[in-house]
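**Q** Protein chains in written order, with my numbering: chain Y, 1 to 388; chain G, 1001 to 1138. Ideal placement from N, C-alpha and C gives every residue a C-beta, glycine not left out. If you scroll down you'll find the structure; I have some questions about it.
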């Protein structure tokens, strides 16, 4: 068996059909969409066609989609764009304690610039209580930003309820849908969002391209100044091949979403149940039911995540951990701490995220291999004996 | 894909895959206990000392690949050394013996050095306690 990739939440391989439609835009159809001659117009047409496909994925109008360099830029754009454009109305932002760093760090930046931010907590499953969001709102609140689903523990948040609260209060609502768009329904109108971030490489598109949905009438500053691209909201020559690939990926995702979600949910539950059965002192992180179809996140007592990952890698299995032994802070995942895990359990977490090319044979292989790895690591763990 | 793409040197991976001297020593002459759960590395180092020479060393470690490899290496380095030689083993020496560590993982070698120092301190404390005990008996 070759390498087994179970880190689709980090990035996905680009779909071969996506690569195929991108290629001509590097060579034959290389034009700048701003040029009026045929090369330019051909490229412009391709960008607009892609825009329609991405808009279709989230039930938006074409002109509500702005292409960005990825999910992080979309998050930065939404938060800074709204915050700086609405300073006369207020300087308060409500978000959650388990957002992606692209949101959390942007909020921290805004705090240093005079904004105040409320980080709403989550329960043990990683769920945000919409009432906490409601209570956090003040007359100075200009934006609520809550992710659609958490990238680490997979919990899907009650964002339609939060959207309702935001609408009633007349406050802009942004959601980071990087983990959900193309995987589960993420309809901008059904959710009731004003801004929504998407990344292409999480849905079998290329890296370096994403989009921000901006509801018509939303007041926000442009992200980059320069040319007139993207209706003057994001200057810079368009990443035409990337955008074309993103469009194709969105089209395929929309077509395959429901079948794929069902297939992955089955594999997810098989893997989760198998792991919890075969590994003593292990627990599932995140909500057992209201979670992404492809996310398995467990914590294992007495062993550290990176050492599990390295052992899995030696077996050809690629996964991820919330342990941050290689980050400079050494602090484990803020998400795992927010759901109430001890530092030991946060360091002992493993995330398997499944995808289009994941087979049952592969998840069975994890079930065969991981218990042995844990037994070996526990034999050298000083934590085990203190728990008897 | 070649090894040049891996995070760790071949030697680190070798010690990670086959750590030497894993376990505890019964009736040790010194135990070092360092690290904490917050940073995700906890090391326990056991030493047996005979006539000021470290005759055996074992470890138990909760931590990343580098933490396990440095624990393994430090136990290898101290065996057969006198106490004063062992006190001269620096974190850099542990890292070098492993063919180097990524900069972000150097703290693991520091932890290994601290574990060793802590075990030797414990050895001195026990000896002192024993001597004092002996005196009070006379």
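For residue 191/Y, which option in 207/Y, 199/Y, 354/Y and 145/Y has the closest C-alpha, if you only look at C-alpha atoms?
**A** 145/Y
**Q** Counting only C-beta atoms, is residue 1110/G closer than 8 Å to chain Y at any point?
**A** no
**Q** Count the CB pairs spanning the region 1098-1117 of chain G and the region 1038-1054 of chain G that are closer than 8 Å, and state whether there are at least three.
**A** yes
**Q** What residues of chain G sit near residue 371/Y, judged by a beta carbon separation below 7 Å?
**A** The premise fails here: residue 371/Y is roughly 18 Å from chain G at the closest Cβ pair, so nothing lies under 7 Å.
**Q** Note down the Cα distance separating residue 1035/G from residue 1060/G, rounded to an integer number of angstroms.
**A** 12 Å
**Q** Mind checking which residues open and close the beta strand (DSSP E) that includes residue 296/Y?
**A** 295-300
**Q** Would a C-beta distance cut-off of 8 Å place residue 253/Y and residue 208/Y closer than the cut-off?
**A** One thing to note: residue 253/Y has its Cβ no nearer than 8 Å to the Cβ of residue 208/Y.
**Q** Taking the alpha-carbon of residue 99/Y as reference, which of 120/Y, 342/Y, 109/Y and 112/Y has the nearest alpha-carbon?
**A** 120/Y
**Q** With DSSP as the reference, label residue 1123/G as helix, strand or coil.
**A** helix
**Q** Skipping 5 residues on each side, what residues in its chain have a beta carbon closer than 6 Å to that of residue 280/Y?
**A** Closer than 6 Å at Cβ, skipping near neighbours: no residue.
**Q** Residue 1022/G touches chain Y at which residues, Cβ-Cβ below 9 Å?
**A** 379 and 380
**Q** Under three-state DSSP, which class holds residue 228/Y?
**A** In the three-state DSSP reduction, residue 228/Y falls in the coil class, being neither helix nor strand.
**Q** Alpha carbon to alpha carbon, how far is residue 286/Y from residue 126/Y? Give it in angstroms, no decimals.
**A** 6 Å
**Q** For residue 342/Y, which residues in chain G fall below 8 Å Cβ to Cβ?
**A** The answer, in chain order, is 1037.
**Q** For residue 332/Y, which residues in chain G fall below 8 Å Cβ to Cβ?
**A** 1040
**Q** Buried or exposed: which applies to residue 241/Y, given that a residue is buried once 16 or more other Cβ atoms fall within 10 Å of its Cβ?
**A** buried
**Q** Kindly list the residues whose CB is nearer than 7 Å to the CB of residue 224/Y, restricted to its own chain and excluding five residues on each side of it in sequence; keep chain order.
**A** The beta carbon of residue 224/Y sits closer than 7 Å to the beta carbons of 234, 235 and 236 from its chain, once the five residues preceding and following it are set aside; these are given in chain order.
**Q** Under 8 Å Cβ to Cβ from residue 257/Y, same chain only, skipping five residues before and after it: list those, please.
**A** 182, 183, 184 and 185
**Q** Just how far apart, CA to CA, sit residue 1002/G and residue 81/Y?
**A** Any reading at residue 1002/G needs caution, since the residue's pLDDT is 41, under 50, leaving its predicted position unreliable; the model's value is listed next. Computed Cα separation, rounded: 44 Å.
**Q** Can you give me, in chain order, the residues of the region 1056-1080 of chain G that have a beta carbon less than 7 Å from any beta carbon in chain Y?
**A** 1060, 1061, 1062, 1063, 1064, 1065 and 1068
**Q** In chain order, what residues of the same chain have a beta carbon less than 8 Å from the beta carbon of residue 10/Y, not counting five sequence neighbours either side?
**A** Only 320 and 353 meet the Cβ criterion.
**Q** Under 9 Å between beta-carbons, which chain Y residues line up against residue 1044/G? List them in chain order, please.
**A** 382
**Q** May I have the straight-line CA-CA distance separating residue 394/Y from residue 5/Y, to the nearest angstrom?
**A** Any question about residue 394/Y goes unanswered here, given that chain Y covers just 1 to 388.
**Q** So what does residue 353/Y bridge to, in DSSP terms?
**A** 7/Y and 295/Y
**Q** For the region 353-371 of chain Y against the region 1064-1077 of chain G, are there 3 or more C-beta pairs whose distance is under 8 Å?
**A** no
**Q** Going along chain Y, which residues have a C-beta under 8 Å from residue 1017/G?
**A** 314
**Q** What residue range is occupied by the uninterrupted beta strand (DSSP E) comprising residue 390/Y?
**A** Given a span of 1 to 388 for chain Y in the structure shown, any question on residue 390/Y remains unanswerable.
**Q** For residue 1011/G, which option in 1022/G, 1102/G, 1126/G and 1048/G has the closest C-alpha, if you only look at C-alpha atoms?
**A** 1102/G
**Q** Strictly below 8 Å CB to CB, what residues from chain G border residue 303/Y?
**A** 1062
**Q** Where does residue 174/Y land, buried or exposed, given buried means 16+ other C-beta within 10 angstroms?
**A** buried
**Q** So, for residue 47/Y: in the same chain, excluding its five sequence neighbours on each side, which residues have a beta-carbon less than 8 Å away from its beta-carbon?
**A** 33, 67, 238, 240, 243 and 244
**Q** Would you say residue 388/Y lies against chain G (beta-carbon separation less than 8 Å)?
**A** In this prediction, residue 388/Y has a pLDDT of 44, which is less than 50 and means its spatial position is unreliable; nothing more can be read from the coordinates.
**Q** Scan the region 211-271 of chain Y and note each continuous beta strand (DSSP E) run of 3 residues or more that stays entirely inside, going in chain order.
**A** none
**Q** What does the Cβ neighbour count give for residue 289/Y, buried or exposed, with the cut at 16 atoms within 10 Å?
**A** exposed
**Q** If I follow the unbroken beta strand (DSSP E) through residue 1047/G, where does it start and stop?
**A** 1041-1050
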